[in-house]
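Engineer:
2 protein chains.
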Amino acid sequence: MSKKVAVVAAAVTKFGFRNASYRDLISEAGQACLSSLEGALKPGDIDGFILSTVMPERTVFQGHVASLAEETLGIRPDRLSVRVEHMCASGNVALRTAYSAIVSGLAEVVMVLGVEKLNTPVPGETILNMGAGLDREWESSMGMTAPPVFALIAQYHMDQYGTTEEDLARVAVKNHTHSMNNPNAHFQKGATLEKVLTSRVISTPFKLLDCSPVSDGAAAIIVTSEERAKDFTAKPVYLLGTGQAVESFTLANLPDNLSHWPALVKAGKAAYNMAGIQPQDVDLAEVHDCFSIAELLAYEGLGWCDQGESAAFLKEGRSDYGGNVVVNPRGGLLACGHPLGATGVAQIAEIFWQLRDEAGLRQVKDAQIGLTHNNSGPGEHTVNIFGIEN
Amino acid sequence: MSKKVAVVAAAVTKFGFRNASYRDLISEAGQACLSSLEGALKPGDIDGFILSTVMPERTVFQGHVASLAEETLGIRPDRLSVRVEHMCASGNVALRTAYSAIVSGLAEVVMVLGVEKLNTPVPGETILNMGAGLDREWESSMGMTAPPVFALIAQYHMDQYGTTEEDLARVAVKNHTHSMNNPNAHFQKGATLEKVLTSRVISTPFKLLDCSPVSDGAAAIIVTSEERAKDFTAKPVYLLGTGQAVESFTLANLPDNLSHWPALVKAGKAAYNMAGIQPQDVDLAEVHDCFSIAELLAYEGLGWCDQGESAAFLKEGRSDYGGNVVVNPRGGLLACGHPLGATGVAQIAEIFWQLRDEAGLRQVKDAQIGLTHNNSGPGEHTVNIFGIEN
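Just so you know, the protein sequences line up as chains A and B, in that order. According to the working numbering, the first sequence is numbered sequentially starting from 58. According to the working numbering, the second sequence is numbered sequentially starting from 58.
Given below as structure tokens:
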């Protein structure tokens, strides 16, 4: 029985407003991932398939999607098949599911594919669909959708620590600058502080560029046991640690201090402990910047700086190339886009390429340890840690 | 690290056309399950939560439902949270996910809760929603929904082996008779051969009572490591074996012999091998009788009789009390109803009670080994095997 798993292949589609069906996106990411192992991967090698997707039942009126994806790709998993969902964290939760399946012996070579087709031709439908990701009965139907939830959190942080709108905007500037080197990003034109600050107000203090866009896209990885990994690649990327914690679903049940996220601290500690590393050992990270404030709170919750110091940490360049930890080198959710089920898988793909020194213009020098983080909301967090040393 | 897991608690709501919300159903099953361990289970003991549910995004316009369920129940899982979906097999797939999580060390005490609220107040909506469980682009939108898919399979079996409409009806009679002893079943009035055969035609050769109804309901179990199991109950029920295989999603891609299901044979063999038992060792089974023909094909695919002999096997009483294997003692999907995500979990609950000798009027004598089976369609099968010996 394997004790460790490794990522051995990865592929990501272009994210954005895609003129492609849900099935097209699955095919595009899945086939690219399979092709990347041409020669090494034999038909029938893939014995497990995990689909990460959030709301195809609403956006494309199709359910039962793990099996649909398998048939689309010509994969017939003879040991394991499942669709997993945990809102925005689905991709990193899917990797944990693959880890467990492989370590427990239920499968050995597993494709994890994340996909979402969010843009639909029906006007006004997207906002209704996205509202179904929060509590419709008690919150989102009354207007408490994701932007105001995170805006309240930002206001709390501003009030407590003197964080400014410029500080928030700097997250967007950094990530939109990073995505200029990422041909798969939804946006690749960069952004200045002025552009962010003068974009239209969405929910005070957020302007348009403080918010991740509504994107379509897909991403796929292949995960296997440490024993099998070298059959597929000379440079496997190992999952060293993982953690998850849920403390609250609704805003109403968050702790009073809205800008302190205990579930993130808990998930991070679990992952660091399992990996046997410290926060400062992380070279690069893909964190969940669904809104600009979320990236700042990730610095604090993941232990890269103290509470209230994230704005300074960013301003001093410590979360950028040449700093302590390069955060969101592919451009984050803000600039890459956020096709819910695909996001976490695309983050893992980026860490895979970075740790293998294959990230081209985005390459972080001497990257040894990478981290991925998703929130499914401020009270729910998932963290995975990767390394090139087994 | 544990190598085995056990079920230590179970609860099932009344299935049927329920005047209860999705959240109400979660609360009803979850609280009953937690209460059944009162005294033994301490707050915070549950470190993992897995929700099995298929289409709340459509039927109740709510996503992100694992976290919603946790908050509803006051559970704050600090190690693992995920919603899993595999159409009609979601419940048994969720147990496999719990098995992997516990054996791989990601969680230790996991609640698996299955729920579905299928009946909605919008006329005609149910048939559209159910169609989303098959390929809408290529099959169900053209009318190839579940009843005609399984009707074609039944016609094939009738043509090949001389199976008759009476043979199919006998499945419904047996299961509707069983459910007279199950207060949670959707239907509890029993059924005669005449009643089944004269009920209205749905899709030839199926009459109404050859088809499982559209039901609301929920079920919950608590699963833990073999090490922790005895902390909760003196009579844990162990998962001995599990198997899953997917060979096709659409009818178009099924093998030419529609009434032979190789994916079921594969999933069954995997579970038997892992459990170290033979088909004839199974004392009772909860198999997926979404339509009457599906139960007959389960006898054949699971190795209780040869191909083409299932109608005789049933007619001779070998799948009833006093026979070789008691199939669907709680009444099956035909009589209990089929709230998709809840079905597999309710099947596991039945095996839990039966193996503990707690099934009352439905009790199978000297039950040592129980089996659960779901299909997610004719080309996709999941099998779990349980025992009281560790």
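Glycine included, every Cβ here is placed at the ideal spot set by N, Cα and C.
With respect to the alpha helix (DSSP H) encompassing T183 (chain B), which residues constitute its N-terminal and C-terminal limits?
Structural biologist: As a working note, residue 183 (chain B) is residue 126 in the second sequence. Here the alpha helix (DSSP H) through T183 (chain B) covers E182 to G188.
Engineer: How many Å lie between H395 (chain B) and S272 (chain B) at the Cα?
Structural biologist: In the second sequence, the residue the question calls residue 395 (chain B) occupies position 338. In the second sequence, the residue the question calls residue 272 (chain B) occupies position 215. Their Cα atoms are separated by approximately 5 Å.
Engineer: Exposed or buried, which one is R199 (chain B) when buried takes at least 16 other CB atoms within 10 Å?
Structural biologist: By 1-based counting over the second sequence, the position of residue 199 (chain B) is 142. The sequence as given places Met at residue 199 (chain B); Arg does not occur at that position. Burial call: exposed.
Engineer: Please return the same chain residues whose Cβ sits closer than 6 Å to the Cβ of L254 (chain A), not counting the five positions on each side in sequence.
Structural biologist: What you label residue 254 (chain A) is simply residue 197 of the first sequence in a count that begins at 1. Once the five neighbours on either side are set aside, the close Cβ partners of L254 (chain A) are A226.
Engineer: Give the list of continuous alpha helix (DSSP H) stretches no shorter than 4 residues that lie fully inside the region 79-150 of chain B.
Structural biologist: As far as the region 79-150 of chain B is concerned, its whole alpha helix (DSSP H) runs of at least 4 residues are 79-92, 113-116 and 122-130.
Engineer: Taking the continuous beta strand (DSSP E) assigned at S282 (chain A), which residues delimit it?
Structural biologist: Position 225 of the first sequence, counted from the first residue, corresponds to residue 282 (chain A). Run containing S282 (chain A): G274 to S282, per the beta strand (DSSP E) assignment.
Engineer: Counting along the chain, where does the beta strand (DSSP E) carrying I334 (chain B) start and finish?
Structural biologist: Position 277 of the second sequence holds residue 334 (chain B). Careful: I334 (chain B) lies outside any beta strand (DSSP E) and carries neither H nor E.
Engineer: Grouping DSSP H, G and I as helix and E and B as strand, with all else coil, what is A248 (chain B)?
Structural biologist: Walking along the second sequence from the start, residue 248 (chain B) turns up at place 191. DSSP places A248 (chain B) in coil when its eight states are reduced to three.
Engineer: Output the boundary residues of the beta strand (DSSP E) element that contains Q404 (chain B).
Structural biologist: On the second sequence, residue 404 (chain B) is found 347 positions in, with the first residue counted as 1. It is not in any beta strand (DSSP E) - Q404 (chain B) instead sits in the alpha helix (DSSP H) that spans L397 to L412.
Engineer: Quick check on DSSP: helix, strand or coil for G427 (chain A)?
Structural biologist: Position 370 of the first sequence, counted from the first residue, corresponds to residue 427 (chain A). If DSSP states are grouped into helix, strand and coil, G427 (chain A) belongs with the strands.
Engineer: Which residues in the same chain as L371 (chain A) place their Cβ atom closer than 6 Å to its Cβ, once the five residues preceding and following it in sequence are excluded?
Structural biologist: Working through the first sequence from its first residue, we reach residue 371 (chain A) at position 314. The answer, listed in chain order, is R227.
Engineer: Identify, in the order they occur along the chain, each residue of the same chain with its Cβ nearer than 8 Å to the Cβ of R136 (chain A), setting aside the five sequence neighbours on each side.
Structural biologist: Numbered from 1 along the first sequence, position 79 holds the residue referred to as residue 136 (chain A). Hits under 8 Å: D104, G105, L163, A164 and E165.
Engineer: Rounding to the nearest angstrom, what Cα-Cα distance links V65 (chain B) and R133 (chain B) in this structure?
Structural biologist: Looking up residue 65 (chain B) in the second sequence gives position 8. Looking up residue 133 (chain B) in the second sequence gives position 76. C-alpha separation (whole angstroms): 20 Å.
Engineer: Whose C-beta lies closer than 6 Å to the C-beta of Y234 (chain A) among residues of the same chain, with five residues either side of it excluded?
Structural biologist: In the first sequence, counting from the first residue as 1, residue 234 (chain A) sits at position 177. The amino acid at residue 234 (chain A) is misidentified as Tyr; the sequence shows Thr. Answer for T234 (chain A): G247, listed in chain order.
Engineer: Check each candidate in B:P270, B:S78 and B:A89 and name the one with the smallest Cα separation from L125 (chain B).
Structural biologist: The count along the second sequence starts at 1 and reaches residue 125 (chain B) at position 68. It is B:S78.
Engineer: When you compare the CB of D104 (chain A) with every CB in chain B, is at least one pair closer than 7 Å?
Structural biologist: For the purposes of this step, residue 104 (chain A) is identified with residue 47 of the first sequence, where counting begins at 1. Output row for D104 (chain A): interface = no.
Engineer: Would a C-beta distance cut-off of 7 Å place L391 (chain B) and N232 (chain B) closer than the cut-off?
Structural biologist: Translated into positions along the second sequence, residue 391 (chain B) becomes position 334. Translated into positions along the second sequence, residue 232 (chain B) becomes position 175. Contact: yes.
Engineer: Got a sec, what are the start and stop residues for the alpha helix (DSSP H) Y378 (chain A) sits in?
Structural biologist: On the first sequence, residue 378 (chain A) is found 321 positions in, with the first residue counted as 1. Note, Y378 (chain A): premise wrong, no alpha helix (DSSP H); not H, not E.
Engineer: Does the beta carbon of G398 (chain B) fall short of 6 Å from some heavy atom of the ligand COA?
Structural biologist: In the structure shown, the ligand COA is absent, as is every other ligand, since no ligand is present at all.
Engineer: Quick check: the Cα distance between T299 (chain A) and S93 (chain B), rounded to an integer number of angstroms?
Structural biologist: By 1-based counting over the first sequence, the position of residue 299 (chain A) is 242. By 1-based counting over the second sequence, the position of residue 93 (chain B) is 36. Roughly 32 Å separates the two Cα atoms.
Engineer: Could you check where the alpha helix (DSSP H) with S260 (chain B) kicks off and where it finishes?
Structural biologist: For the purposes of this step, residue 260 (chain B) is identified with residue 203 of the second sequence, where counting begins at 1. Careful: S260 (chain B) lies outside any alpha helix (DSSP H), inside the beta strand (DSSP E) at V258 to S260.
Engineer: Three or more C-beta pairs under 8 Å: does that hold for the region 341-350 of chain A against the region 175-190 of chain B?
Structural biologist: No, the region 341-350 of chain A is not in contact with the region 175-190 of chain B.
Engineer: Taking the alpha carbon of D81 (chain A) as the reference point, which residue from B:K60, B:M215, B:Q88 and B:E194 has its own alpha carbon closest?
Structural biologist: Translated into positions along the first sequence, residue 81 (chain A) becomes position 24. Taking only the C-alpha atoms, the option nearest D81 (chain A) is B:E194.
Engineer: Where in the region 169-238 of chain B do unbroken runs of the alpha helix (DSSP H), each at least 4 residues long, occur, reported from the N-terminal end onward?
Structural biologist: Listed in chain order, the complete alpha helix (DSSP H) runs (minimum 4 residues) inside the region 169-238 of chain B are 182-188, 203-218 and 222-235.
Engineer: Which residues bound the alpha helix (DSSP H) around I350 (chain B)?
Structural biologist: As a position in the second sequence, residue 350 (chain B) is number 293, starting the count at 1. Start and end: S349 to G358.
Engineer: Taking only three categories from DSSP, how would you classify V440 (chain B)?
Structural biologist: Here residue 440 (chain B) refers to the residue found at position 383 of the second sequence. Residue state, collapsed to three classes: strand.
Engineer: Confirm, please, whether the CB-CB distance from S157 (chain B) to A158 (chain A) is below 7 Å.
Structural biologist: Numbered from its first residue, the first sequence carries residue 158 (chain A) at position 101. Numbered from its first residue, the second sequence carries residue 157 (chain B) at position 100. Contact: yes.
Engineer: Taking the alpha-carbon positions, what's the W361 (chain A) to Q217 (chain A) distance?
Structural biologist: Taking the first sequence and counting its residues from 1, one reaches residue 361 (chain A) at position 304. Taking the first sequence and counting its residues from 1, one reaches residue 217 (chain A) at position 160. Each residue's Cα considered, the two are about 19 Å apart.
Engineer: Taking the alpha carbon of Y329 (chain B) as the point to measure from, which residue in B:T400, B:L296 and B:I408 has its own alpha carbon closest?
Structural biologist: Taking the second sequence and counting its residues from 1, one reaches residue 329 (chain B) at position 272. Comparing Cα-Cα distances from Y329 (chain B) to each of B:T400, B:L296 and B:I408, the minimum goes to B:L296.
Engineer: Which same chain residues end up closer than 7 Å to V384 (chain A) when comparing Cβ atoms and leaving out the 5 residues on each side of it in sequence?
Structural biologist: The residue labelled residue 384 (chain A) in the question sits at position 327 within the first sequence. Closer than 7 Å at Cβ, skipping near neighbours: A342, V344, E352 and S376.
Engineer: Take every Cβ of the region 410-425 of chain A, pair it with every Cβ of the region 248-268 of chain A, and state whether three or more of those distances are shorter than 8 Å.
Structural biologist: Flag = no, the region 410-425 of chain A and the region 248-268 of chain A do not touch.
Engineer: Chain A beta carbons: is any one of them nearer than 7 Å to that of F207 (chain B)?
Structural biologist: Against the second sequence, residue 207 (chain B) aligns to sequence position 150. No, F207 (chain B) does not count as interfacial toward chain A.
Engineer: Decide if I49 (chain A) is buried, meaning its Cβ has at least 16 other Cβ atoms within 10 Å, or exposed.
Structural biologist: Because chain A is modelled from 58 through 447, residue 49 (chain A) falls outside the range shown and cannot be assessed.
Engineer: In the DSSP assignment, find the unbroken alpha helix (DSSP H) run with L341 (chain B) in it and report its ends.
Structural biologist: Within the second sequence, the letter at position 284 stands for residue 341 (chain B). It is not in any alpha helix (DSSP H) - L341 (chain B) instead sits in the beta strand (DSSP E) that spans L341 to E343.
Engineer: Check the C-beta distance from A276 (chain B) over to A406 (chain B) and give it rounded, since I have them as a contact under 8 Å.
Structural biologist: Counted from its first residue, the second sequence places residue 276 (chain B) at position 219. Counted from its first residue, the second sequence places residue 406 (chain B) at position 349. Right, their Cβ atoms sit about 5 Å apart.
Engineer: Which residues in chain A sit within 7 Å of P134 (chain B), going by Cβ to Cβ distance?
Structural biologist: Residue mapping note: residue 134 (chain B) aligns to position 77 of the second sequence, counting from 1. Within 7 Å Cβ-Cβ: V303.
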